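Student:
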Amino acid sequence: MRHIQRATGAVIGSAVGDALGAPFEFGPAGAFSARFPRPGAGGEMCGGGGWDPGEATDDTQMAVLVADSLLELGGLDLPEMFARFQQWAKSDPKDIGLQTEDVLSNGMPWDLAAGIHFQVNRRAAGNGSLMRASTSAVYFAAQGRQATMDAARRIAALTHGDRAAWEGTAIFHELIRVSLAGADPLGALPATLALVHPDHRERYATVLAPDWHPEQATEFNDAVWPCLGSAVWALRTTATFEEAVRAAIDLGGDTDTVAAVTGGLAGAAYGVDAIPTRWTEPLHVPLPGFGGRVLRCGELLRLTQRLAT
């Protein structure tokens with residue numbers, strides 16, 4: 021399979037998971053399969069909960085903002101990326117994480133806002149940096165393991181002051197890099213964990229272990245480590261892109277983000293051709309604050325091709 025097929029699979033797969041999971045957010049486990057019991061029967065891009073059918077949420081919106089910044093600036097410009105996030109946050113998006121909103125609106129400079137939020141609240145390990153990482157993972161993959169993990173940490177730190185969020189995003193970046201190279205991301209976990217900060221390595225080793233199940237999570241899956249652990253579990257215990265995303269949404273809870281992370285991993289593993297067209301055709305990503313711009317699947321494909329090259 022060609023590199024570009026895996027790269028576009030990661031970005032499109034994440035967006036598809038996001039849009040599929042959004043109507044089931046904070047619902048009970050098993051709700052997706054209860055409504056759509058026969059895989060492949062269609063109708064899953066149903067919309068609901070304030071979302072139109074196929075509409076991606078803040079997860080993919082922020083991933084596109086990351087991509088735009090990287091491409092327009094020719095690399096990582098953290099102040100510019102933060103300002104782009106702020107422009108989006110001020111436009112009243114349908115959904116924005118409470119922590120992200122506070123960081124982007126607290127009036128602090130880009131390099132202090134997340135840290136001050138963490139000092140005041142002592143809680144900043146949500147999955148909001150992980151959810152938007154598909155595009156940056158594709159962009160930095162060619163630069164190697166250390167560079168892609170470091171870039172993930174720096175982008176995560178714009179909105180999340182807790183290093184746990186940095187490390188989870190770094191692991192995701194590295195698993196995507198391994199997949200784009202045609203290797204097994206699950207087989208790369210031990211080497212990846214060895215590069216995780218010692219203060220957070222044991223926690224991630226627990227949720228990424230082969231015998232871990234999301235039912236064993238000690239926190240809600242809107243936290244970064246059970247979210248990533250659930251996505252890896254969904255990839256490990258299924259055999260297709262569709263099965264992985266269905267399993268992720270059926271966990272309940274923060275379904276759009278868990279499915280977005282799962283879709284990114286599964287899309288990179290199986291390639292864009294493994295994503296059902298009935299899911300990609302209605303996919304669209306509104307970008308509040310940017311002139312009414314809406315990206316559809318073809319535009320996401322072109323965006324990813326630029327990121328990958």
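Each residue of the sequence shown is one higher than the one before, counting from 21 in my numbering. Glycine residues also receive a C-beta, built at the ideal position from the N, C-alpha and C atoms. On a predicted model such as this, the values are computed, not experimentally measured, just so you know.
Whole angstroms are fine: how far does the CA of Gly37 sit from the CA of Asp79?
Tutor: Position 59 of the sequence shown holds residue 79. Position 17 of the sequence shown holds residue 37. If I take the Cα positions, the gap works out to 10 angstroms.
Student: Mind pulling the alpha helix (DSSP H) runs of 4 or more residues that sit fully within the stretch 296-320?
Tutor: 297-300
Student: Only counting the same chain, and skipping five residues up and downstream in sequence, which positions put a Cβ closer than 8 angstroms to that of Leu228?
Tutor: Start at 1 with the first residue of the sequence shown, and residue 228 comes out as number 208. Around Leu228: Ile191, Leu209, Leu213, Leu248, Gly249, Val252.
Student: On the three-state DSSP scale, how would you describe Gly146?
Tutor: If you number the sequence shown from 1, residue 146 lands on position 126. Strand.
Student: Are Thr324 and Thr28 closer than 7 angstroms when you measure CB to CB?
Tutor: Stepping through the sequence shown from its first residue, residue 324 is reached at position 304. Stepping through the sequence shown from its first residue, residue 28 is reached at position 8. Yes, the pair counts as a contact, with Cβ atoms nearer than the cut-off.
Student: Taking the alpha-carbon positions, what's the Phe15 to Asp115 distance?
Tutor: Nothing can be reported for residue 15, as the shown portion of the chain is limited to 21 through 329.
Student: Can you check DSSP and say which residues form a bridge with Gly47?
Tutor: As a position in the sequence shown, residue 47 is number 27, starting the count at 1. Answer is Gly273.
Student: So, helix, strand or coil for Glu340, using DSSP?
Tutor: Given a span of 21 to 329 for the chain in the structure shown, any question on residue 340 remains unanswerable.
Student: Would you call the CB atoms of Gly50 and Asp270 closer than 7 angstroms?
Tutor: Here residue 50 refers to the residue found at position 30 when the sequence shown is read from its first residue. Here residue 270 refers to the residue found at position 250 when the sequence shown is read from its first residue. Contact flag set, yes.
Student: Do the stretch 270-289 and the stretch 174-181 meet, that is, are 3 or more Cβ pairs less than 8 angstroms apart?
Tutor: Judged by Cβ distances under 8 angstroms, the stretch 270-289 makes no contact with the stretch 174-181, as fewer than three pairs qualify.
Student: Cα-Cα, which of Ala259, Leu132, Pro306 is closest to Pro113?
Tutor: The count along the sequence shown starts at 1 and reaches residue 113 at position 93. Minimum Cα distance to Pro113 is reached at Pro306.
Student: Use the C-beta contact count for Thr297: other C-beta atoms within 10 angstroms, 16 or more gives buried, fewer gives exposed.
Tutor: The count along the sequence shown starts at 1 and reaches residue 297 at position 277. By the Cβ-count criterion, Thr297 is exposed, with fewer than 16 other Cβ atoms from all chains shown falling within 10 Å of its own Cβ.
Student: Name the one or two DSSP bridge partners that Trp71 has.
Tutor: Start at 1 with the first residue of the sequence shown, and residue 71 comes out as number 51. DSSP, once it has assigned bridges, lists Gly68 as partnering Trp71.
Student: Across the stretch 52-61 and the stretch 87-107, are there enough close Cβ pairs to call them in contact, namely three or more that are closer than 8 angstroms?
Tutor: no
Student: Any idea what DSSP makes of Ala268, helix, strand or coil?
Tutor: Counting from 1 along the sequence shown, the entry for residue 268 is found at position 248. In the structure shown, Ala268 sits in a helix (DSSP, three-state: H, G or I).
Student: Take Asp170 and list the residues in its own chain whose beta-carbon comes closer than 8 angstroms to its own, dropping the five residues that flank it on each side.
Tutor: Counting from one through the sequence shown, the residue named residue 170 turns up at place 150. Answer for Asp170: Ala190, listed in chain order.
Student: Go ahead and label Gly318 buried or exposed: buried means 16 or more other beta carbons lie within 10 angstroms of its beta carbon, across all protein chains shown.
Tutor: Looking up residue 318 in the sequence shown gives position 298. Counting Cβ neighbours within 10 Å, Gly318 comes out exposed, since fewer than 16 surround it.
Student: Quick one: grab the DSSP three-state call for Ala39.
Tutor: Start at 1 with the first residue of the sequence shown, and residue 39 comes out as number 19. Of the three classes helix, strand and coil, the one that applies to Ala39 here is helix, per DSSP.
Student: In its own chain, which residues sit with a C-beta less than 6 angstroms from the C-beta of Ala145, not counting the 5 before and 5 after it?
Tutor: Within the sequence shown, the letter at position 125 stands for residue 145. Cβ neighbours of Ala145 beyond the five flanking positions: Asp182, Ala184, Ala185, Ala243, Val244.
Student: Could you check whether Met21 and Gly284 sit closer than 7 angstroms to each other, using their CB atoms as the reference points?
Tutor: Along the sequence shown, one-based indexing puts residue 284 at 264. Along the sequence shown, one-based indexing puts residue 21 at 1. No, Cβ-Cβ distance for Gly284 and Met21 is not below 7 angstroms.
Student: Within a Cβ cutoff of 6 angstroms, which residues of the same chain sit near Val198, ignoring the five residues on either side of it in sequence?
Tutor: Working through the sequence shown from its first residue, we reach residue 198 at position 178. Counting only Cβ-Cβ distances below 6 angstroms, and skipping sequence neighbours, we find Pro205, Ala208.
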